[in-house]
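In the UniProt record's numbering, the protein residues as written are 1 to 120.
Below, the structure is given as structure tokens:
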């Protein structure tokens, strides 16, 4: 398994976790913390800190996702370091000709009179 494949699996796992954490949150302040019956004043049992945990985990997972994407790009570039053309390296490589062997016969000259001249 290549390093790029490992990074790809990690990126997919982090994406799924990030989706899960974002879906648990409620944009109106309810979310997971209000589902336990707690209001904004209740601190017993850590219900108020649930929102802080979800917020911090969202930022952590987003940062981890960006870092993994950048590292996968570096590992991908490392695999293709020999992608230069052989012509640029100066090897004695034979270049195929693009000119055809036979030259077609010349076509008869085109009629240069325009349709406007023939009408009037």
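Cβ coordinates follow ideal geometry from the N, Cα and C atoms, glycine included.
>> Can you find the residues in the same chain that come closer than 6 Å, C-beta to C-beta, to residue 65, ignoring five residues on each side of it along the sequence?
In response: Counted from its first residue, the chain shown places residue 65 at position 65. Same-chain partners within the cutoff: 14.
>> Can you give me the C-alpha to C-alpha distance between residue 26 and residue 57, rounded to a whole angstrom?
In response: On the chain shown, residue 26 is found 26 positions in, with the first residue counted as 1. On the chain shown, residue 57 is found 57 positions in, with the first residue counted as 1. Roughly 15 Å between the two C-alpha positions.
>> Here's the rule: buried if 16 or more other CB atoms are within 10 angstroms of the residue's CB, otherwise exposed. What is residue 7?
In response: One-based indexing of the chain shown puts residue 7 at position 7. So residue 7 ends up on the buried side.
> Exposed or buried, which one is residue 68 when buried takes at least 16 other CB atoms within 10 Å?
Replying inline: The count along the chain shown starts at 1 and reaches residue 68 at position 68. Buried, since its Cβ has 16 or more Cβ neighbours within 10 Å.
>> Among the candidates 52, 76, 105, 106, whose CA atom is the shortest distance from the CA of residue 5?
In response: For the purposes of this step, residue 5 is taken as the residue at position 5 of the chain shown. Nearest C-alpha to residue 5: 76.
> Between residue 21 and residue 98, what straight-line distance do the alpha-carbon atoms span, to the nearest angstrom?
Replying inline: Taking the chain shown and counting its residues from 1, one reaches residue 21 at position 21. Taking the chain shown and counting its residues from 1, one reaches residue 98 at position 98. When rounded, the distance between both Cα atoms is 58 Å.
> Would DSSP call residue 26 helix, strand or coil?
Replying inline: Translated into positions along the chain shown, residue 26 becomes position 26. Residue 26: coil per DSSP, three-state reduction.
> What is the rounded straight-line gap between the Cα of residue 55 and the Cα of residue 11?
Replying inline: Looking up residue 55 in the chain shown gives position 55. Looking up residue 11 in the chain shown gives position 11. So the two alpha carbons sit approximately 20 Å from each other.
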